[in-house]
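**Student:**
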Amino acid sequence: MDIFIEKIVQKRKDAKDYLIIFGVIVATLFLMLLVLNFIPGMSLFFLVGLGYIAYLLITTRNIEYEYAVTNGDLDIDKIIAQRKRKRIFSANCKNFEIVAKVKSHHFSNHYKSFKNQMNCASSLNNDNVYFIVLNYNNEQTVVYFEPSEKMLKSFKTFIPRKVFID
31 MDIFIEKIVQ
41 KRKDAKDYLI
51 IFGVIVATLF
61 LMLLVLNFIP
71 GMSLFFLVGL
81 GYIAYLLITT
91 RNIEYEYAVT
101 NGDLDIDKII
111 AQRKRKRIFS
121 ANCKNFEIVA
131 KVKSHHFSNH
141 YKSFKNQMNC
151 ASSLNNDNVY
161 FIVLNYNNEQ
171 TVVYFEPSEK
181 MLKSFKTFIP
191 RKVFID
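Counted from 1, the sequence shown has number 72 at position 42 by my numbering; the numbering is strictly sequential.
(1) Return helix, strand or coil for valine 78, following the three-state DSSP convention.
(2) Per DSSP, serine 120 is paired with what?
(3) So, under 8 Å CB-CB, serine 153 and lysine 37 are touching, yes? Tell me the CB distance rounded to an integer number of Å.
(4) Once DSSP output is grouped into helix, strand and coil, what is the label at lysine 142?
(5) Under the assumption that asparagine 155 contacts tyrosine 174 (Cβ atoms under 8 Å), give the Cβ distance between them as a whole number of angstroms.
(6) Buried or exposed: alanine 82, going by 16 or more other Cβ atoms within 10 Å of its Cβ?
(7) Could you tell me the alpha carbon to alpha carbon distance between leucine 68 and threonine 89, rounded to whole angstroms?
(8) Rounded to whole angstroms, what is the Cα-Cα separation between arginine 191 and aspartate 44?
(9) Out of Val129, Leu104 and Ala111, which has the shortest C-alpha to C-alpha gap to serine 120?
(10) What does the Cβ neighbour count give for methionine 72, buried or exposed, with the cut at 16 atoms within 10 Å?
(11) By how many angstroms is the C-alpha of lysine 46 removed from the C-alpha of leucine 59?
(12) Give me the Cα-Cα distance between lysine 186 and alanine 57, rounded to the nearest whole angstrom.
(13) What three-state label does DSSP hand phenylalanine 161 in the structure shown?
(14) Going by the beta-carbon positions, is the gap between valine 129 and isoleucine 33 smaller than 8 Å?
(15) Count the other C-beta atoms from every protein chain shown that fall within 10 angstroms of the C-beta of isoleucine 106, then say buried if there are 16 or more, exposed otherwise.
(16) Nearest to asparagine 168 by CA position, among His140, Phe52 and Phe144, is which residue?
(17) Among residues of its own chain, excluding the 5 on either side of alanine 84, which ones have a beta-carbon nearer than 6 Å to its beta-carbon?
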């Protein structure tokens with residue numbers, strides 16, 4: 031029997047996102063004032079163009095992650111502003127060294143020190159954030175994500191000694 035489970039998680043905006051949005055708005059207003067002063071005849075065309083570019087830049091901060099589990103394979107896609115999709119992670123669960131909650135005793139300083147870390151969760155402060163440790167692209171990697179109960183049970187059927195559901 032084939033197993034297919036999907037979940038979409040929206041990334042929460044942090045201070046960096048709000049700072050970028052604020053910077054785009056301020057820069058757009060400044061450029062609009064310059065256009066009105068120096069190019070009055072074509073200003074409407076440029077104002078609409080600047081507004082559209084600002085809209086595109088601001089909406090790129092709307093990020094979602096889609097987790098898809100198919101027969102033990104975990105695929106994570108990054109969806110930007112519901113316009114652009116990019117596969118950022120794909121691996122078989124048999125390659126996982128451990129799957130456990132971030133807020134558990136399994137998450138040690140050893141894993142925090144890994145150079146390659148992928149944050150695919152809405153926020154690392156959530157209680158239901160799990161981590162995966164594996165050798166991904168010949169590098170020790172930690173992946174943070176928020177799986178559903180069905181996904182965890184699916185992993186547990188394939189790798190029962192490596193999945194810790196607290």
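Where a beta carbon is used, it is the ideal one built from N, C-alpha and C, also for glycine. Predicted model only: the values in this text are computed from it and were never measured.
**Tutor:** Put simply:
(1) Valine 78 falls in the helix class under three-state DSSP.
(2) Partner(s): Asp105.
(3) The C-beta distance from serine 153 to lysine 37 rounds to 15 Å, too long to fall under 8 Å, and the pair is not in contact.
(4) It is helical.
(5) Distance from asparagine 155 to tyrosine 174 at the Cβ level is roughly 11 Å; contact not present, criterion being Cβ atoms closer than 8 Å.
(6) At residue 82 the sequence reads tyrosine, which differs from the alanine that was named. It is exposed - the Cβ of tyrosine 82 has fewer than 16 other Cβ atoms within 10 Å.
(7) Per the sequence presented here, residue 68 reads as phenylalanine, with leucine not at that position. Each residue's CA atom was taken as its position, placing phenylalanine 68 and threonine 89 some 29 Å apart.
(8) Near 35 Å, if we compare the C-alpha coordinates of aspartate 44 and arginine 191.
(9) With respect to the C-alpha of serine 120, the residue from Val129, Leu104 and Ala111 having the closest C-alpha is Leu104.
(10) Methionine 72 should be labelled exposed.
(11) Each residue's alpha carbon lies about 20 Å from the other.
(12) Approximately 50 Å between the Cα atoms of the pair.
(13) Of the three classes helix, strand and coil, the one that applies to phenylalanine 161 here is strand, per DSSP.
(14) No, the Cβ-Cβ distance between valine 129 and isoleucine 33 is not below 8 Å.
(15) Under this definition isoleucine 106 is a buried residue.
(16) Considering only His140, Phe52 and Phe144, the residue with the shortest C-alpha distance to asparagine 168 is Phe144.
(17) Excluding sequence neighbours, alanine 84 sits near Val54 and Thr58.
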